Amino acid sequence: ARLDKAGHKHFMSKEIAEQPRAIAAVLDAYLGESGAALALPAALDVARAERVLLVACGTAYYACLTAKYWLEQIAGIPAEVDIASEFRYREPPVAPGTLAVFVSQSGETADTLAALRYVQGRAAQIVSVTNVEESSIAREADLDLQIHAGPEIGVASTKAFTAQLSVLLLMALRAAEARGALDAAALADRLSALRTLPALVTAALETDGPLKSAAAEVAEARDVLFLGRGVMFPLALEGALKLKEISYIHAEAYASGELKHGPIALVDNTVPVVVMAPRDALFDKTVSNMQEVMARGGEVLLITDAAGAEAAGETVWRRIVLPTADPMLTPILYAVPAQLLAYHTAVAKGTDVDQPRNLAKSVTVE
Ligand code: G6P
Numbered sequence: 241a242r243l244d245k246a247g248h249k250h251f252m253s254k255e256i257a258e259q260p261r262a263i264a265a266v267l268d269a270y271l272g273e274s275g276a277a278l279a280l281p282a283a284l285d286v287a288r289a290e291r292v293l294l295v296a297c298g299t300a301y302y303a304c305l306t307a308k309y310w311l312e313q314i315a316g317i318p319a320e321v322d323i324a325s326e327f328r329y330r331e332p333p334v335a336p337g338t339l340a341v342f343v344s345q346s347g348e349t350a351d352t353l354a355a356l357r358y359v360q361g362r363a364a365q366i367v368s369v370t371n372v373e374e375s376s377i378a379r380e381a382d383l384d385l386q387i388h389a390g391p392e393i394g395v396a397s398t399k400a401f402t403a404q405l406s407v408l409l410l411m412a413l414r415a416a417e418a419r420g421a422l423d424a425a426a427l428a429d430r431l432s433a434l435r436t437l438p439a440l441v442t443a444a445l446e447t448d449g450p451l452k453s454a455a456a457e458v459a460e461a462r463d464v465l466f467l468g469r470g471v472m473f474p475l476a477l478e479g480a481l482k483l484k485e486i487s488y489i490h491a492e493a494y495a496s497g498e499l500k501h502g503p504i505a506l507v508d509n510t511v512p513v514v515v516m517a518p519r520d521a522l523f524d525k526t527v528s529n530m531q532e533v534m535a536r537g538g539e540v541l542l543i544t545d546a547a548g549a550e551a552a553g554e555t556v557w558r559r560i561v562l563p564t565a566d567p568m569l570t571p572i573l574y575a576v577p578a579q580l581l582a583y584h585t586a587v588a589k590g591t592d593v594d595q596p597r598n599l600a601k602s603v604t605v606e
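Here UniProt numbering is used: the first residue of the sequence shown is 241, the next is one more, and so on.
Structure (structure tokens):
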């Protein structure tokens, strides 16, 4: 009975809408009673880890890429990320003191499981981040952190992604606390910002209307480019993945700074360019990238906050405005419009949103 669409046309739109609740479930699970302290399992040994290795496939891989920014910036711990199928066959050395993290919604992805088995006996600790407690990956890890997203039916991952991000952010905060990178007051500030996340995500769902209208035009495109800088770069990758998975439109993502090293050659008035950029320290650099796109006729769909929308002005094709948020939270918040854009574009094209061709929810074969 829980697996009905609850009035939604597709599981994907239901699962997008469930995100405030899914994130609240993560906060309930990993913040103490009062919500004022981190309550990750004591067995999670981030204090002694010298580095973190994160390995996954697909959307979970992009969650890992985002976590690299958090681990480095918030906790000051070196982090490395790899695609499971590359990692397992490359058979790289695993440095002593490595905390190895495997992220998988299903907990059954064959390449991720094989990568986990490869680090057994090599890594200091193996942690999994999954949505299925009795899955192979959860069982074979030293410690499993559940993402508590509930069943995800749509093949294109949505609520599992933001729940994975939420768990990984908590892990980065725990590492920062354990290593003294954040003192008690700074940590308390971060946690109070974090507690606003479900409400921020609820507000982000209100971009549905403007994105539906933009999607009607994006649906006509043959190629779409996504750009992001810093922690928004993995989000651009995820936005492009979502769009290709369900609308079958070719989409590519680049770090904004790489625009001039290739993708700018593709830009003309037939290529929408989705720019994900809150008004942060890197915003001005992104504005100049947008100007380069617009000078070549490219239509910019800017996903930003109020200050960013004002700074960008009326010249961009579309502005999608999200609530202003602590920079640490923006990857989670900006996932929502990326999902909605893909969803509405696919609906406009009439593709099978929940069961896209050639894709499987869980890839348990090589
Ligand atoms: C498939 C799914 C993706 C998912 C990936 C990894 O490709 O279609 O949505 O991100 O597998 O799956 P996992 O269960 O390991 O997170």
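C-beta: ideal position from N, C-alpha, C; glycine also.
Since the structure is predicted, the reported quantities are computational estimates derived from the model, not experimental observations.
Straight-line gap, Ile366 to Leu422 (C-alpha atoms, nearest Å) = 24 Å
task = Within its chain, find whatever has a CB closer than 8 Å to the CB of Met534; leave out the 5 residues flanking it on each side and keep chain order.
result = Val540, Thr555 and Val556
message = Would Gly347 and Val321 qualify as a contact pair, given that the criterion is a beta-carbon distance under 8 Å?
response = no
query = I think Glu478 touches Phe401, with their Cβ atoms under 8 Å apart; what is that distance to the nearest whole Å?
reply = 7 Å
query = On the three-state DSSP scale, how would you describe Gln595?
reply = coil
inquiry  = What I want to know is whether the C-beta of Gly298 ends up closer than 7 Å to one or more non-hydrogen atoms of ligand 1.
reply    = yes
query = Run through DSSP, which three-state label would Leu422 get?
reply = coil
key: Contact test: Ser397 Cβ vs ligand 1 heavy atom, cutoff 7 Å   = yes
message = Assuming contact is defined by CB atoms lying nearer than 8 Å, are Gln579 and Thr398 in contact in what I supplied?
response = yes
ask   = What is the residue span of the beta strand (DSSP E) that Leu293 lies within?
value = Arg291 to Ala296
query = So, helix, strand or coil for Ser344, using DSSP?
reply = strand
query = So what does His490 bridge to, in DSSP terms?
reply = Asp463
query = Would a C-beta distance cut-off of 8 Å place Ala287 and Ala418 closer than the cut-off?
reply = yes
query = What are the boundary residues of the alpha helix (DSSP H) that includes Gln365?
reply = Note, Gln365: premise wrong, no alpha helix (DSSP H); beta strand (DSSP E) at Gln365 to Thr370.
request  = Compute the minimum distance between the beta carbon of Val266 and the heavy atoms of ligand 1, and state whether it is under 7 Å.
outcome  = no
ask   = What first and last residue would you give for the alpha helix (DSSP H) that runs through Gln531?
value = Phe523 to Ala535
task = Note down the Cα distance separating Ala264 from Tyr583, rounded to an integer number of angstroms.
result = 23 Å
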